[in-house]
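Colleague: Sharing a structure here in structure tokens format.
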Amino acid sequence: MSQPNRLRAWFIELRAVLILAHIVVIGLQAFPAPVGGASKGTRETPSVRGMIADASAITGLPEAQVDALVFGGVETWIAARKKVLKPFSPYYKWAGTKQSWRMMAIINRRSARLRVEIDGALAYRTADSEARWRAEIIESARMRGAVIKYAWKLNRGDYKRLSAWIIDEAVADYGEDVDVRICVERAAIPGPEDPPPRVRCGWEITR
């Protein structure tokens, strides 16, 4: 084999090794990392406690034991994953593949729907086909995530800013004398055989 051909063959083999190494390293990073799911705040949410209670009923184990098994396993997994990925941290930073947020670490069994009443009439409610005032903005990709978060907890600063914007839009459409009521309807998501849930509209802001 001539020198140019040997160099070309060497380059092809090296490239294949580098590509394989990249796939392996990125694949390791893709392993689930439910970091938020292990926090104390998440563990005490009604949705998580409900799942622990269901697992306890199915297995016959005490809830405390189920809790220890589940979250002990999660914490062990997170620690092991962190240790495995640590040597590759500079590469992740160089490649721009670090992901700072997680998706669906814990299933939430509660729903949240933003409700807006204008002059006593329902103007907007999340996913309500008959109450669509400003729905194209509130349910846009950039804003709907803020409303979804209310199923977990309330960020008062964000909620006040959203409410202030809604009030300004209502005044622009209906005039200075308009009455506005904003709240978030929260309810447990029922199972197929459960009765309709009790809906509570909390965090009320009025004008």
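Counted from 1, the sequence shown has number 170 at position 166 by the numbering used here; the numbering is strictly sequential. By construction, the Cβ of each residue, glycine as well, lies at the ideal position given by its N, Cα and C atoms.
Pull up the distance between the alpha-carbon of R190 and that of V203, whole angstroms please.
Modeller: As a first step, residue 190 is located in the sequence shown; it is residue number 186 there, counting from the start. As a first step, residue 203 is located in the sequence shown; it is residue number 199 there, counting from the start. Their Cα atoms are separated by approximately 6 Å.
Colleague: Tell me the residue span of the alpha helix (DSSP H) that contains A192.
Modeller: In the sequence shown, the residue the question calls residue 192 occupies position 188. Looking at the DSSP string, A192 is not in any alpha helix (DSSP H); the run it does join, the beta strand (DSSP E), is 184-192.
Colleague: Could you name the residues that DSSP lists as bridge partners for Y128?
Modeller: As a first step, residue 128 is located in the sequence shown; it is residue number 124 there, counting from the start. BP columns for Y128 point to V120, R136.
Colleague: Measuring CB atoms only, is the region 29-36 touching the region 86-97, in the sense that at least three cross pairs come out at less than 8 Å?
Modeller: Segments in contact, yes.
Colleague: Taking 8 Å as the cut-off, decide whether the C-beta atoms of R113 and S167 are in contact.
Modeller: Position 109 of the sequence shown holds residue 113. Position 163 of the sequence shown holds residue 167. It is not a contact, given that the beta carbons lie outside the stated cut-off.
Colleague: Which of helix, strand or coil does DSSP assign to W156?
Modeller: Here residue 156 is taken as the residue at index 152 of the sequence shown, counted from 1. Coil, per DSSP.
Colleague: What residue range is occupied by the uninterrupted alpha helix (DSSP H) comprising E67?
Modeller: Against the sequence shown, residue 67 aligns to sequence position 63. 67-89 is the extent of the alpha helix (DSSP H) around E67.
Colleague: Leaving out five residues before and five after I152 in sequence, what residues of the same chain have Cβ atoms less than 6 Å from its Cβ?
Modeller: Locating residue 152 in the sequence shown gives position 148, counting from the first residue. No residues qualify anywhere along the chain.
Colleague: What does a CB cutoff of less than 7 Å around G54 pick up in its chain, not counting 5 residues either side in sequence?
Modeller: As a first step, residue 54 is located in the sequence shown; it is residue number 50 there, counting from the start. Taken in chain order, the residues that qualify are R113.
Colleague: Roughly how many whole angstroms lie between the Cα atoms of A83 and N159?
Modeller: Here residue 83 refers to the residue found at position 79 of the sequence shown. Here residue 159 refers to the residue found at position 155 of the sequence shown. Going by the C-alpha atoms only, they are around 29 Å apart.
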